[in-house]
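Worksheet: the structure to be examined is printed underneath.
Residue numbers (my numbering): 1 to 261.
The following block contains the structure:
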């Protein structure tokens, strides 16, 4: 058995809806427990970062959404620090057009489609979009990138396409078709859109934070299976000093610049 393909199919749910739901059920069942050691070994998961020992997990899904020790992902304390919301591979799209269009892996999107609102999209004209792709090896909880007030939270879309590398490049624009949880935030007078994009065929997003005010590093939710996070940032709101590519949750990405009153 090709274990890499098996686990990628399992956690990215790239198949027929019936198959995807069966895989999800298996991953969440005790029947998947014997697969835990090979999963951890194959993806080189540092289980020492987790709050539980390997023997304490009862399913593959438990390992996938594992909690980490408090010191595993240190978060900068500077008041204007802007950090990665998750473990992922980061792509940065600079200089959105006036229509807030952007391209990811050769596919064109609009912020209006992503957020379901033309008026909200205008706030990000000329700004940036950060796309975080999480793979099976990653810690799958999603956090808050900057101190902010939550203005609204809503869902859009339906389960439509895979959000892995292949799906982003060849799928039918999964970032704006798939089921997603959109959170509108106000950070120092600047708007910020925090979007969790679900996987193929099943709703895999769980929100865990319902506070009206959130702090950088706070847990906000988690993905049960394959996933992507998108952040929409207005022009001039962020001085990006981080790096593209592989990032860890809490890693400093730059300085958030509050709007002058």
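Here a beta-carbon is modelled for each residue, glycine too, at the ideal position from N, C-alpha and C.
Three-state class that DSSP yields for residue i in the structure shown
i, result
"residue 144", "coil"
"residue 244", "coil"
"residue 185", "strand"
"residue 249", "coil"
"residue 162", "Low confidence applies to residue 162: its pLDDT is 46, below 50, so where it sits in the model is not reliable, and the reading given next is rough at best. Three-state result, residue 162: coil."
"residue 259", "coil"
"residue 169", "For residue 169, the predicted structure reports a pLDDT of 42, less than 50, and the residue's modelled location is therefore unreliable. A value from the coordinates is still provided. Here residue 169 sits in helix by DSSP."
Supposed close pair residue i, residue j - CB separation, criterion 8 Å
i, j, result
"residue 209", "residue 219", "6 Å"
"residue 73", "residue 249", "5 Å"
"residue 127", "residue 90", "Incorrect: roughly 16 Å between the Cβ atoms, too far for contact."
"residue 191", "residue 234", "6 Å"
"residue 134", "residue 32", "So it is not a contact: roughly 20 Å between Cβ atoms."
"residue 213", "residue 256", "Their Cβ separation, rounded to whole angstroms, is 15 Å, which puts residue 213 and residue 256 out of contact at 8 Å."
Proximity of residue i and residue j at Cβ, strictly below 8 Å
i, j, result
"residue 58", "residue 24", "no"
"residue 217", "residue 239", "no"
"residue 263", "residue 230", "The structure shown does not extend to residue 263, since the chain is modelled only from 1 to 261, so the question has no answer here."
"residue 147", "residue 88", "no"
"residue 258", "residue 157", "no"
"residue 80", "residue 27", "no"
"residue 65", "residue 140", "yes"
"residue 120", "residue 207", "no"
"residue 247", "residue 84", "yes"
"residue 69", "residue 56", "no"
"residue 117", "residue 98", "no"
"residue 54", "residue 3", "no"
"residue 34", "residue 252", "no"
Any chain C beta carbon closer than 8 Å to residue i
i, result
"residue 223", "Any reference to chain C falls outside this structure, which holds one protein chain only."
Every unbroken alpha helix (DSSP H) inside the segment 82 to 122 [4 residues or more]:
111 to 115, 118 to 122
If we require 4 or more residues per run, which alpha helix (DSSP H) segments fall completely within the segment 18 to 87?
36 to 42, 60 to 64
Should the segment 176 to 186 be called in touch with the segment 34 to 50, which here means at least 3 C-beta pairs below 8 Å?
no
Under 8 Å: do the segment 110 to 120 and the segment 134 to 153 share three or more Cβ pairs, one atom per stretch?
no
Just list the beta strand (DSSP E) runs in the segment 198 to 241, keeping only unbroken ones of 3 residues or longer that don't cross its boundaries, in chain order.
205 to 207, 219 to 223, 227 to 233, 238 to 240
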